[in-house]
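Numbering (our numbering), first residue to last: 65 to 733.
Positions of the beta carbon are idealized from the N, C-alpha and C atoms, including for glycine.
Remember, it's a predicted structure, so these values are computed and weren't measured experimentally.
Single-structure report; data block below.
Quick look at the structure:
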């Protein structure tokens, strides 16, 4: 029997609560696990700020986003933006006025595979048992009554999205197979640095037309307001969008749908001889006649150049049916590997109900191996098995001519789901079975951290952190002789990885930062990393030589070191640099210093005297005078009452919840 929405934990979204834009639309996916905006969201209800806070949160002003880089591939980086809290608030009012129109303007192209369709009506409120292993990958909010629905938890997006939350879902869809039946050739291409090159001035032309836009510049209409907001959040720049927030994708989608329409309308005579699908800025052109294919490619090239966007010439690729890519083949090979690995499980116990209901709502997607882990029968030496698996995985990557980053998301998700099944049975196992669980998890950890070492990106870190935390939960259900070895293995692997992938001079270090946060969750109050090592991992320097820090590094290191005096030198160094930042960059303008000030005044691991100095520094640069002691006390009381962007409470299950929520949001791939 199908469960109703209430029984499934589904709850209605209050559509009149537009403040939830702060939770779903304004933060990049690739931020430290600790950063949630939940405190900021809670503070906005009926509050009126004064003094320094009023200056920081004042709406409708140009602000400087915090710009940072993350690892994109082994040899490249991606630039992302964390916009100022003031600008984040501005988008709340905009969504309130124009959310319906935004959906209408992203429903004009038959080519688009991912676009907002309507305001989401439901979200899933989980218990905190981490028992739901149904989510395969990050996704957007969905309407549970639609066929296109995806499994989801939390209010992870403001809109319901169609058609596919993830590109892999298109590849495995009926729609793709229909196109493959009709067309024997596929041309794939994308836009070079799409978000970097989009001008905010192009929105009016895409919504209306160029002449209308020129005649109505400055008018208070949708396109002018949206463009103005994008520019204000990017310090007045109109060349390029802030990258990371969901609203930037929507802005780009409106412009790209206009490009789609132009190509479609100018080639009506060719309708039926080609078809196109577009996922954000990735295009799929299906055709049979080479002349038609080249013509439509040229049409897109010309139409994109009208809005100063250009094809990535090096990534144009041609394929013949069946459209089986190296990535698809690699996933199939990985399935075979897991099938062989899980032959070590006794099928005679199939159907036994585990203690934890991990199968409820499980994703039946064809990517996942069909075998169910039930009861471990035997296991060979873990070192031998792990080495064999690592060898086979390397062979898969090499033989299919792909990079590790193209399969790690799938690989880690399958591992995570399998470990969930083991977790369901662990509490009922006898000593012999617990020993086999130990061997199994030792293999999984070896293979997981090897693959991770080949692809240390933010998204991979989220998944590896989930796997590690879940393995530690299994360990707690086992006898100490087995459980302690599992925990030690995980701790050793994380510290080894951090030593080999410390912060570099280009990346912001979010990848390593999230490993440090996961390590604190796993180790509890035990400090496994020395002060010098923490400093090297995060800043690539010993404490004495640190010359610069960023917001992400500071809050994450403070979360790890807490009030432990053994890290005193590192804490003092960070404090000195933070004071210098607050004294030179106005928190009312600069996103990084506003986040630093608000979160650190709330932080329980810093003393009152230092917080007063932070407030004084920010007040002086903002108002040109030193604050009185009563003003400092007043600002301290107002700022420190509640959390802002980081939840400083003891995280515990919260880290697991935040990691689960990450699964529902889409990374900028």
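Range of the contiguous alpha helix (DSSP H) that encloses residue i
i, result
"residue 134", "Where residue 134 is concerned, there is no enclosing alpha helix (DSSP H), although the beta strand (DSSP E) it sits in stretches over 130-137."
"residue 631", "Premise fails: residue 631 is in no alpha helix (DSSP H) and is neither H nor E."
"residue 505", "495-518"
"residue 232", "231-235"
"residue 145", "Here residue 145 belongs to no alpha helix (DSSP H); instead the beta strand (DSSP E) covers 140-146."
"residue 571", "Element bounds for residue 571: n/a, residue is neither H nor E."
"residue 672", "672-687"
"residue 155", "149-169"
"residue 546", "544-564"
"residue 325", "310-329"
"residue 299", "Element bounds for residue 299: n/a, residue is neither H nor E."
"residue 118", "115-121"
"residue 613", "Premise fails: residue 613 is in no alpha helix (DSSP H) and is neither H nor E."
"residue 399", "390-405"
"residue 599", "595-603"
"residue 88", "85-88"
"residue 700", "693-704"
Residue from the options whose Cα sits closest to the Cα of residue i
i, options, result
"residue 392", "464, 347, 361 and 455", "464"
"residue 263", "170, 283, 246 and 288", "288"
"residue 145", "171, 310 and 106", "310"
"residue 301", "260, 341 and 283", "260"
"residue 147", "363, 107, 569 and 293", "293"
"residue 659", "185, 619, 633 and 545", "619"
"residue 395", "364, 508 and 235", "235"
"residue 680", "642, 84, 248 and 321", "642"
"residue 32", "504, 516 and 342", "The requested residue 32 is not part of the displayed model; the chain covers only 65 to 733."
"residue 319", "298, 332 and 291", "291"
"residue 675", "374, 703, 101 and 690", "703"
"residue 526", "723, 377, 299 and 663", "723"
"residue 520", "535, 564 and 537", "564"
"residue 90", "315, 697 and 375", "315"
"residue 543", "403, 495, 647 and 706", "495"
"residue 332", "181, 177 and 360", "360"
"residue 270", "244, 370 and 335", "370"
Terminal residues of the beta strand (DSSP E) in which residue i lies
i, result
"residue 340", "338-343"
"residue 179", "178-183"
"residue 468", "It is not in any beta strand (DSSP E) - residue 468 carries neither H nor E in the DSSP assignment."
"residue 583", "Run containing residue 583: none in the beta strand (DSSP E); it sits in the alpha helix (DSSP H), 574-587."
Contact set for residue i: own chain, Cβ-Cβ below 7 Å, skip 5 residues either direction
i, result
"residue 381", "252"
"residue 623", "98, 581 and 584"
"residue 424", "Annotation note: pLDDT 33 at residue 424 (below 50); position unreliable, coordinate value reported separately. No residues qualify anywhere along the chain."
"residue 70", "In this prediction, residue 70 scores a pLDDT of 45, lower than 50, which makes its location untrustworthy; no coordinate-derived value is stated."
"residue 627", "669"
"residue 531", "476, 479, 480, 483 and 512"
"residue 313", "344"
"residue 514", "454"
Per DSSP, the bridge partner or partners of residue i
i, result
"residue 523", "DSSP output for residue 523 lists no bridge partner at all."
"residue 350", "250 and 339"
"residue 713", "None, per the DSSP bridge assignment."
"residue 744", "In this structure the chain extends from 65 to 733, so residue 744 is not present and cannot be described."
"residue 223", "183"
"residue 654", "128"
"residue 375", "255"
"residue 99", "710"
Sequence-distant residues of its chain with Cβ nearer than 6 Å to residue i (five each side left out)
i, result
"residue 367", "323, 326 and 327"
"residue 212", "For residue 212, the predicted model reports a pLDDT of 29, less than 50, meaning its position is unreliable; a value from the coordinates is still stated below. Once the five neighbours on either side are set aside, the close Cβ partners of residue 212 are 226 and 227."
"residue 636", "none"
"residue 390", "464, 465 and 466"
"residue 610", "603 and 637"
"residue 562", "576, 579 and 601"
"residue 713", "none"
"residue 347", "253"
Contact set for residue i: own chain, Cβ-Cβ below 8 Å, skip 5 residues either direction
i, result
"residue 81", "none"
"residue 398", "457, 460, 471, 474, 475 and 478"
"residue 555", "583, 586, 587 and 592"
"residue 141", "133, 134, 135, 570 and 571"
"residue 246", "339 and 350"
"residue 428", "Since pLDDT at residue 428 reaches only 36, below the 50 mark, its modelled position is unreliable, and no value is offered."
"residue 165", "286"
"residue 162", "286, 289 and 290"
8 Å Cβ cutoff, residue i in contact with chain D
i, result
"residue 319", "The displayed structure is made up of one protein chain only, and chain D is not part of it."
Cβ-heavy atom distance, residue i to the ligand NAP, below 7 Å
i, result
"residue 106", "Judged by which ligands are present, the structure shown has none, so any question about the ligand NAP falls away."
Those runs of the alpha helix (DSSP H) which lie wholly inside the segment 244-294 and span at least 4 residues: Every alpha helix (DSSP H) of 4 residues or more that sits fully in the segment 244-294 is shown, in chain order, as 258-261, 266-271 and 274-279.
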